[in-house]
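Protein sequence lines, in the order shown, are assigned to chains A and B.
Taking the numbering used here, I'd label the letters of the first sequence as residues 1 to 343.
Taking the numbering used here, I'd label the letters of the second sequence as residues 1001 to 1343.
Positions of the beta carbon are idealized from the N, C-alpha and C atoms, including for glycine.
It should be emphasised that the depicted structure is a prediction, and the values quoted were computed from it without experimental measurement.
Number of protein chains: 2
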Amino acid sequence: VRSQLPSICSTARAAWIQHSHYSTSTPAATPSKTEEHRSVFDISTKVLAESDIAKHDDKLFITHPLFPHPTFSQEDCEKVMFEHREPKTFGDRMACKGIAIVRGTFDFVTGYKKPRNEAEEAHGFKGTRYEMTESKWLTRVIFLESIAGVPGAVASFVRHLHSLRLLKRDKAWIETLLDEAFNERMHLLTFIKLGKPSWFTRTIIYVGQGVFCNLFFLFYLANPKYCHRFVGYLEEEAVSTYTHLIYELEHNKLPKFKDIKIPTIAVQYWPELHEDSSFLDLILRIRADEAKHREVNHTLANLDQRKDRNPFVLQIPEETRPQPENGLKVTKGTGWEREDLTL
Amino acid sequence: VRSQLPSICSTARAAWIQHSHYSTSTPAATPSKTEEHRSVFDISTKVLAESDIAKHDDKLFITHPLFPHPTFSQEDCEKVMFEHREPKTFGDRMACKGIAIVRGTFDFVTGYKKPRNEAEEAHGFKGTRYEMTESKWLTRVIFLESIAGVPGAVASFVRHLHSLRLLKRDKAWIETLLDEAFNERMHLLTFIKLGKPSWFTRTIIYVGQGVFCNLFFLFYLANPKYCHRFVGYLEEEAVSTYTHLIYELEHNKLPKFKDIKIPTIAVQYWPELHEDSSFLDLILRIRADEAKHREVNHTLANLDQRKDRNPFVLQIPEETRPQPENGLKVTKGTGWEREDLTL
Ligand SMILES: [Fe+2]
Ligand SMILES: [Fe+2]
Ligand SMILES: [Fe+2]
Ligand SMILES: [Fe+2]
Chain A
1 VRSQLPSICS TARAAWIQHS HYSTSTPAAT PSKTEEHRSV FDISTKVLAE
51 SDIAKHDDKL FITHPLFPHP TFSQEDCEKV MFEHREPKTF GDRMACKGIA
101 IVRGTFDFVT GYKKPRNEAE EAHGFKGTRY EMTESKWLTR VIFLESIAGV
151 PGAVASFVRH LHSLRLLKRD KAWIETLLDE AFNERMHLLT FIKLGKPSWF
201 TRTIIYVGQG VFCNLFFLFY LANPKYCHRF VGYLEEEAVS TYTHLIYELE
251 HNKLPKFKDI KIPTIAVQYW PELHEDSSFL DLILRIRADE AKHREVNHTL
301 ANLDQRKDRN PFVLQIPEET RPQPENGLKV TKGTGWERED LTL
Chain B
1001 VRSQLPSICS TARAAWIQHS HYSTSTPAAT PSKTEEHRSV FDISTKVLAE
1051 SDIAKHDDKL FITHPLFPHP TFSQEDCEKV MFEHREPKTF GDRMACKGIA
1101 IVRGTFDFVT GYKKPRNEAE EAHGFKGTRY EMTESKWLTR VIFLESIAGV
1151 PGAVASFVRH LHSLRLLKRD KAWIETLLDE AFNERMHLLT FIKLGKPSWF
1201 TRTIIYVGQG VFCNLFFLFY LANPKYCHRF VGYLEEEAVS TYTHLIYELE
1251 HNKLPKFKDI KIPTIAVQYW PELHEDSSFL DLILRIRADE AKHREVNHTL
1301 ANLDQRKDRN PFVLQIPEET RPQPENGLKV TKGTGWERED LTL
């Protein structure tokens, strides 16, 4: 089998061996002893011990969030689930296929499998390279969130410039897109307070952004509609990943996350979280955020990019049909169809 | 003299002749008759007649401003004046020189002279190619605002990506930079409701953004400090230009602007403006905005770009020294020095 794999996979495998070694340490033990032996290709994230979380926490000059987070009830957060929008056009299929390829490659290289049935959920690929440890989960979410913060930033930047150079109003898309970018950055800044990624992971993140940001920028200039569709499908996968993480947390498969203290930035950002909220409470909210991005981006992809207003930011009092909103009370995971919206 | 001018100036002069012709029409007359004779190089902006302003005004789906504008008292707005920061380092001098060259060229090509004494202020270069009409003022401010919206957007975008790829907090710079970009876009969207730029102006704006945005992006990646200094000097010039416009408005030199109705977007954005506010009230606020950008950018240029927090967004209750804030009550036109700030 080995000879069939391209070199990047061998590297990943090497990292994985290193990683298995590390993950066999008991939850309470600090992994600092192994650190000096780490390979440069090590992708494992050092999960911070309780005392280290407090030490690395940052309470200095924390401002009110630029985009205040809407209130999500615990019940609504728990109801969020994977939903899939059936591709309808050729562009939809390309966007969906694109995500499938990117995700498949990423999952294989990093050693992740989405459980497809209850048996796989229960054993969690224990003892194989697909077993998910706390360290692997942190590496995964840190990498994904650092990528996830790009599309909203690119889209809002391009639309801002578009408005300036065509002397045209934007109709409030920028607002939601910036909020999305900010929200993803808050996810990232929360996770990095819980673990310390390896230098290899950091390098991959640095290079990955360079590639993804430039590509997404060019695609967004050329065809913003299918970029939003692409992000819609990306967010479907994010919901699926966090649903898996929530399952593992609820079934006590990740003891290091059991009593972890969530960082100050998370307490300040999500209105329902407080100092004693659990890691599970945090992930429930992050999954709900991803579900909302999924809804927003599938909806924006259904709109006329040049003319239609963003229906998420302004509620029309006279409107009798249900319309999009920012919270979790009214949602439509697969996006709102253009004909159902007052634009 | 003509033979000494490069070709772009001849073009500007041709436009100017066209333009003088247009500006001789009486304020009340609509200039539509001349429109079919306009040269493709015409840079004059058609000042909308009262009835047209109402017609072109846009009240549909106006959302609350993404960055609510702070309250500026009339008195504070009137006190704003031109202030110049003496360049201290080599980079400062380059930034200052850069602005001087760009502005000198732009002024010469478009036929603008900053009055340097009371006599020049009083006669306003009447009868020369430097005479400013309502149409020329609109062309000028629309072009300048469409450029002015770029730096804040680029800087916030670069810092957002920087935070994502280095897994580091931003310390609230993004917030003020996005606010600046939004504020400049509101200036632009306000002005385009008062006049209709020619196709030539629109083309220059389109191409100008392409050049400026890419250059500023590269410079910001390479040396953000001197980019903020450059913007600081740019905003000094903006204050100077709007001070000139305010002088002309106060001395009734621009009759078409006398009883002009300000657009809905301005009423919604600036908290002190209402339906019957004058064009002068509007320009007083825009000048105050530019003065604030000048202060912010000169201050940011004084900071350590990687480590220092943005001191404009968070007031520290225990602090006894005066510190920056968002309003006009405490200002420092030439920027706050790093040693005077609690960072
Ligand atoms: Fe996220
Ligand atoms: Fe997301
Ligand atoms: Fe401006
Ligand atoms: Fe400005």
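Residue i CB to nearest heavy atom of ligand 3 below 7 Å
i         : result
His1187/B : yes
Asp1289/B : yes
Glu1236/B : no
Ala993/B  : Outside the displayed span of chain B (1001 to 1343) sits residue 993/B, for which this structure offers no information.
Buried versus exposed, by CB contacts within 10 Å (16 or more), residue i
i         : result
Thr976/B  : Because chain B here runs from 1001 to 1343, residue 976/B falls outside it and cannot be looked at.
Gly1104/B : exposed
Leu167/A  : buried
Glu180/A  : buried
Ala1028/B : Because the pLDDT of Ala1028/B is 42, which lies under 50, any placement of that residue in the model is unreliable, and the number read from its coordinates should be weighed accordingly. That one is exposed.
Lys261/A  : buried
Gln1209/B : buried
Tyr1022/B : Confidence is the limiting factor: at Tyr1022/B the pLDDT is only 35, short of 50, which leaves the residue's position unreliable, though a coordinate-based value still follows. By the neighbour-count rule (16 or more Cβ atoms within 10 Å), Tyr1022/B is buried.
Glu1319/B : exposed
Gly195/A  : buried
Ile17/A   : Interpretation of Ile17/A is limited by its pLDDT of 31, a score under 50 that renders its predicted location unreliable; the figure taken from the coordinates is listed afterwards. Answer is exposed; the Cβ neighbour count stays below 16.
Glu175/A  : buried
Pro1068/B : exposed
Glu120/A  : exposed
Met81/A   : exposed
Ile1205/B : buried
Pro311/A  : buried
Trp173/A  : buried
Ser1073/B : exposed
Ile1355/B : The structure shown does not extend to residue 1355/B, since chain B is modelled only from 1001 to 1343, so the question has no answer here.
beta-carbon residue i near ligand 2 non-hydrogen atom, thresh 7 Å
i        : result
Asp179/A : no
Glu184/A : yes
Ala148/A : yes
Residue i - partner residues in DSSP beta bridges
i         : result
Leu1195/B : For the record, residue 1195/B in the displayed sequence is Gly; it is not Leu. DSSP, once it has assigned bridges, lists Val1047/B as partnering Gly1195/B.
Under the three-state DSSP convention, the category residue i falls into
i         : result
Leu328/A  : coil
Ala1266/B : helix
Ala1015/B : Residue placement at Ala1015/B is flagged as unreliable, the pLDDT there being 34, under the threshold of 50; a coordinate-derived value is accordingly withheld.
Val1040/B : coil
His84/A   : coil
Gln209/A  : helix
Gly1127/B : coil
Glu237/A  : helix
Glu184/A  : helix
Ala172/A  : coil
Lys1113/B : coil
Arg1229/B : helix
His244/A  : helix
Glu1319/B : coil
Arg1002/B : Bear in mind that a pLDDT of 37 at Arg1002/B, under 50, signals an unreliable position, so the number given afterwards is only what the model happens to contain. Three-state result, Arg1002/B: helix.
Ile1204/B : helix
Ile260/A  : coil
Ser1023/B : Confidence is the limiting factor: at Ser1023/B the pLDDT is only 38, short of 50, which leaves the residue's position unreliable and the question unanswerable from this model.
Glu1121/B : helix
Leu341/A  : coil
Pro1224/B : helix
Phe1219/B : helix
Ile62/A   : coil
Where the alpha helix (DSSP H) through residue i begins and ends
i         : result
Trp137/A  : Glu134 to Leu166
Gly91/A   : Phe90 to Thr110
Val1296/B : Phe1279 to Asn1302
Lys79/A   : Gln74 to Lys79
Ligand 4 heavy atom lying under 7 Å from the CB of residue i
i         : result
His1293/B : yes
Near ligand 1: residue i beta-carbon under 7 Å from a heavy atom
i        : result
Glu145/A : yes
Ile286/A : yes
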